[in-house]
Amino acid sequence: MINNTFEEIGKALSAGHKILLFPHINADGDAVGSCIALCRALRQAGKECWILIEDRIPGNLQFLDDDYCTLDQDILGKPDISVCVDCSDMSRLHDRGKRFLTAGTTVCIDHHLTADRFCDLNYIDSNAAATGELIYKLLLACGVQLDKEIGEALFTAIVTDTGRFQYKNTSKQTHEIAAALYDTGIDAGYICTEIYESMRMEKLMIRNKALNTLSTVAGGKAVIAYVTQEMLSETGAFMDETDGVVEELRSIKGVEAAAFLKESQDGKIKVSFRSKQSLDVAEIAESFGGGGHIRAAGCTLACGLSDAYDQIKERLTACLGRV
Ligand SMILES: [Mn+2]
Numbered sequence: 575m576i577n578n579t580f581e582e583i584g585k586a587l588s589a590g591h592k593i594l595l596f597p598h599i600n601a602d603g604d605a606v607g608s609c610i611a612l613c614r615a616l617r618q619a620g621k622e623c624w625i626l627i628e629d630r631i632p633g634n635l636q637f638l639d640d641d642y643c644t645l646d647q648d649i650l651g652k653p654d655i656s657v658c659v660d661c662s663d664m665s666r667l668h669d670r671g672k673r674f675l676t677a678g679t680t681v682c683i684d685h686h687l688t689a690d691r692f693c694d695l696n697y698i699d700s701n702a703a704a705t706g707e708l709i710y711k712l713l714l715a716c717g718v719q720l721d722k723e724i725g726e727a728l729f730t731a732i733v734t735d736t737g738r739f740q741y742k743n744t745s746k747q748t749h750e751i752a753a754a755l756y757d758t759g760i761d762a763g764y765i766c767t768e769i770y771e772s773m774r775m776e777k778l779m780i781r782n783k784a785l786n787t788l789s790t791v792a793g794g795k796a797v798i799a800y801v802t803q804e805m806l807s808e809t810g811a812f813m814d815e816t817d818g819v820v821e822e823l824r825s826i827k828g829v830e831a832a833a834f835l836k837e838s839q840d841g842k843i844k845v846s847f848r849s850k851q852s853l854d855v856a857e858i859a860e861s862f863g864g865g866g867h868i869r870a871a872g873c874t875l876a877c878g879l880s881d882a883y884d885q886i887k888e889r890l891t892a893c894l895g896r897v
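Residue numbers for the sequence shown, in the numbering used here: 575 to 897.
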């Protein structure tokens, strides 16, 4: 299917008044930055606009949010337009899917590879390194004068989704757009310090505690670690501050698979699996009632931590014996 033009999308946005923006669940720098840039531009154009979220914005992105994001599902009443940003899969709107569809017109702006365009107006370009690049083009097509705040939000979107301009998706155009953002007066060094060098001490401490629980399985081919509610309260950290620990475990030399167990508030154990080259962790997760991808999967066990730990350990030992 063919995309709409930025002009068509701009025309629809300017005809609306109440506009809700929807980043994907577990919003990252691209989703948050793209939404904030668009939200600010729409408010400057006199629109009532909010970004509807349902989870915490990661701490290192909070410097961008100047009262654009809300958890209030009822804000604005019935929106004229809903825009899903950096997300072209209804399931990634999670609990906000119904709310999204209440709008008179739905719009999707995204760069993920996708099979279907489910909105009234769509602009999906998987060649873009970040949705931030597409928002930049949209704003330009609409004649929006980019200010420093919009520049910071878009730079954040691009720098995070390109892994600081290191991933293969980074193109000449990515750099050209980033360069143009400098003209808004941004301080790229300041933005990167906020994003990459502003870790909460609590986050470092919870990672330290979690990594301390590491033990090896199957002669070092797998590693297991865990985090408990008690560890969270001891450190004052949030559970999402352990995100990325399981990838860190997998990155150890010689490790094929990693499992990270999280004790939820309700006492259930959420398990994340990662593998490097050969082990199908989706199969393991499915055998515990979960699912996912070959190299990244998860499941939830309704038992205590030590019981869950033993079961996972046993399974990894058995599976890696076969590899
Ligand atoms: Mn993205």
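Every residue, glycine too, gets a C-beta built ideally from N, C-alpha and C. Since the model is a prediction, treat every value here as computed from it, not as a measurement.
1) How far does the alpha helix (DSSP H) with glycine 794 in it reach, from first residue to last?
2) Helix, strand or coil for aspartate 663 per DSSP?
3) On the criterion of 16 or more Cβ atoms from any shown chain inside 10 Å, does leucine 823 qualify as buried, or is it exposed?
4) Which stretch, first to last residue, makes up the alpha helix (DSSP H) that contains cysteine 623?
5) Thinking C-alpha only, which one of Ala754, Ala605, Gln851, Ala615 is nearest threonine 705?
6) Residue ranges of each alpha helix (DSSP H) run of no fewer than 4 residues wholly in the segment 794-835, ordered along the chain?
7) Is cysteine 661 closer than 9 Å to proline 597 when the C-beta atoms are compared?
8) Locate the alpha helix (DSSP H) running through serine 588, then write down its first and last residues.
9) Valine 606 by DSSP, collapsed to three states: which one?
10) Could you confirm whether any beta carbon from chain D is found closer than 9 Å to the beta carbon of histidine 598?
11) Please report how far the alpha carbon of leucine 728 lies from the alpha carbon of isoleucine 627, in whole angstroms.
12) Please go through the same chain and pick out, in chain order, the residues whose beta-carbon is closer than 8 Å to the beta-carbon of valine 791, but skip the five residues on each side of it.
13) CA-CA distance, glycine 872 and leucine 667?
14) Whole angstroms is fine: what's the gap from glutamine 647's alpha carbon to serine 838's?
15) So, do the segment 865-881 and the segment 840-847 have three or more beta carbon pairs nearer to each other than 8 Å?
16) When DSSP labels each residue in this structure, what does lysine 921 get in the three-state scheme?
17) Would alanine 702 be called buried (16 or more neighbouring beta carbons within 10 Å of its own) or exposed?
18) Relative to ligand 2, what is the chain-ordered list of residues with a Cβ closer than 6 Å to any of its non-hydrogen atoms?
19) Cα separation between glutamate 776 and glycine 794?
20) Could you check where the alpha helix (DSSP H) with lysine 783 kicks off and where it finishes?
21) Output the boundary residues of the beta strand (DSSP E) element that contains serine 846.
22) Got a sec, what are the start and stop residues for the alpha helix (DSSP H) glycine 763 sits in?
23) What does DSSP give as the partner residue(s) for phenylalanine 674 in the beta ladder?
24) Among the residues of its own chain, which have a CB less than 6 Å from the CB of valine 829, if the five just before and after it don't count?
25) For a test of the three-state rule: what should DSSP assign to asparagine 743, helix, strand or coil?
26) By how many angstroms is the C-alpha of alanine 856 removed from the C-alpha of aspartate 641?
27) For isoleucine 610, collect the residues of the same chain with a Cβ closer than 6 Å to its Cβ; drop the 5 residues on either side in sequence, then sort them by chain order.
28) Would you report the Cα separation of glycine 678 and threonine 802, rounded to the nearest angstrom?
29) Rounded to whole angstroms, what is the Cα-Cα separation between arginine 781 and glutamate 815?
Working from what's here:
1) As a working note, residue 794 is residue 220 in the sequence shown. Unbroken run through glycine 794: none, as it is neither H nor E.
2) Your numbering for residue 663 matches position 89 in the sequence shown. In the three-state scheme derived from DSSP, where H, G and I count as helix and E and B as strand, aspartate 663 is classed as coil.
3) Indexing the sequence shown from 1 puts residue 823 at position 249. Classification for leucine 823: buried.
4) Locating residue 623 in the sequence shown gives position 49, where the first residue counts as 1. No alpha helix (DSSP H) holds cysteine 623; the beta strand (DSSP E) holding it covers 622-626.
5) To locate residue 705, count along the sequence shown from 1; it is residue 131. Of the candidates Ala754, Ala605, Gln851, Ala615, the one whose C-alpha sits nearest the C-alpha of threonine 705 is Ala605.
6) Positions of the alpha helix (DSSP H) runs, each at least 4 residues long and wholly inside the segment 794-835, are given as 803-809, 819-824 in order along the chain.
7) Sequence index remark: in the sequence shown, residue 597 carries index 23 (1-based). Sequence index remark: in the sequence shown, residue 661 carries index 87 (1-based). Taking 9 Å as the Cβ cut-off, proline 597 and cysteine 661 qualify as a contacting pair.
8) Position 14 of the sequence shown, counted from the start, is the residue given in the question as residue 588. Looking at the DSSP string, the run of the alpha helix (DSSP H) that includes serine 588 is 580-589.
9) Position 32 of the sequence shown, counting from 1, holds the residue named residue 606. Reduced to three states, the DSSP call for valine 606 is helix.
10) The displayed structure is made up of one protein chain only, and chain D is not part of it.
11) The count along the sequence shown starts at 1 and reaches residue 728 at position 154. The count along the sequence shown starts at 1 and reaches residue 627 at position 53. Their Cα atoms are separated by approximately 19 Å.
12) Taking the first residue of the sequence shown as 1, we reach residue 791 at position 217. Cβ neighbours of valine 791 beyond the five flanking positions: Val797, Ile798, Lys887, Leu890, Thr891, Leu894.
13) As a first step, residue 872 must be located in the sequence shown, where it is residue number 298. As a first step, residue 667 must be located in the sequence shown, where it is residue number 93. Cα to Cα, glycine 872 sits roughly 19 Å from leucine 667.
14) Working through the sequence shown from its first residue, we reach residue 647 at position 73. Working through the sequence shown from its first residue, we reach residue 838 at position 264. So the two alpha carbons sit approximately 25 Å from each other.
15) By the Cβ rule, the segment 865-881 counts as touching the segment 840-847, because three or more pairs are nearer than 8 Å.
16) One cannot answer for residue 921 here, as it falls past the ends of the chain, which runs 575 to 897.
17) To locate residue 702, count along the sequence shown from 1; it is residue 128. Classification of alanine 702: buried, given that the 10 Å Cβ count is 16 or more.
18) Summarising the ligand content, the structure contains ligand 1 and does not contain ligand 2.
19) Numbered from its first residue, the sequence shown carries residue 776 at position 202. Numbered from its first residue, the sequence shown carries residue 794 at position 220. Rounded to the nearest whole angstrom, the CA to CA distance from glutamate 776 to glycine 794 is 29 Å.
20) Counting from one through the sequence shown, the residue named residue 783 turns up at place 209. In the DSSP annotation of this structure, the continuous segment of the alpha helix (DSSP H) that includes lysine 783 starts and ends at 775-786.
21) Residue mapping note: residue 846 aligns to position 272 of the sequence shown, counting from 1. It spans 843-849 - the beta strand (DSSP E) in which serine 846 sits, taken as one unbroken run.
22) Taking the sequence shown and counting its residues from 1, the one referred to as residue 763 is at position 189. It spans 762-770 - the alpha helix (DSSP H) in which glycine 763 sits, taken as one unbroken run.
23) Taking the first residue of the sequence shown as position 1, residue 674 is located at position 100. Per DSSP, none; premise fails for phenylalanine 674.
24) Position 255 of the sequence shown, counted from the first residue, corresponds to residue 829. These residues qualify, in order along the chain: Val797.
25) In the sequence shown, residue 743 corresponds to position 169, counting from 1. Residue state for asparagine 743 is assigned as coil, using DSSP reduced to three classes.
26) Start at 1 with the first residue of the sequence shown, and residue 641 comes out as number 67. Start at 1 with the first residue of the sequence shown, and residue 856 comes out as number 282. Computed Cα separation, rounded: 39 Å.
27) Your numbering for residue 610 matches position 36 in the sequence shown. Listed in chain order, the non-local C-beta contacts of isoleucine 610 below 6 Å within the same chain comprise Leu638, Tyr642, Ala727, local neighbours out to five positions each way being set aside.
28) In the sequence shown, the residue the question calls residue 678 occupies position 104. In the sequence shown, the residue the question calls residue 802 occupies position 228. Glycine 678 and threonine 802: Cα-Cα distance of roughly 45 Å.
29) Here residue 781 refers to the residue found at position 207 of the sequence shown. Here residue 815 refers to the residue found at position 241 of the sequence shown. Going by the C-alpha atoms only, they are around 8 Å apart.
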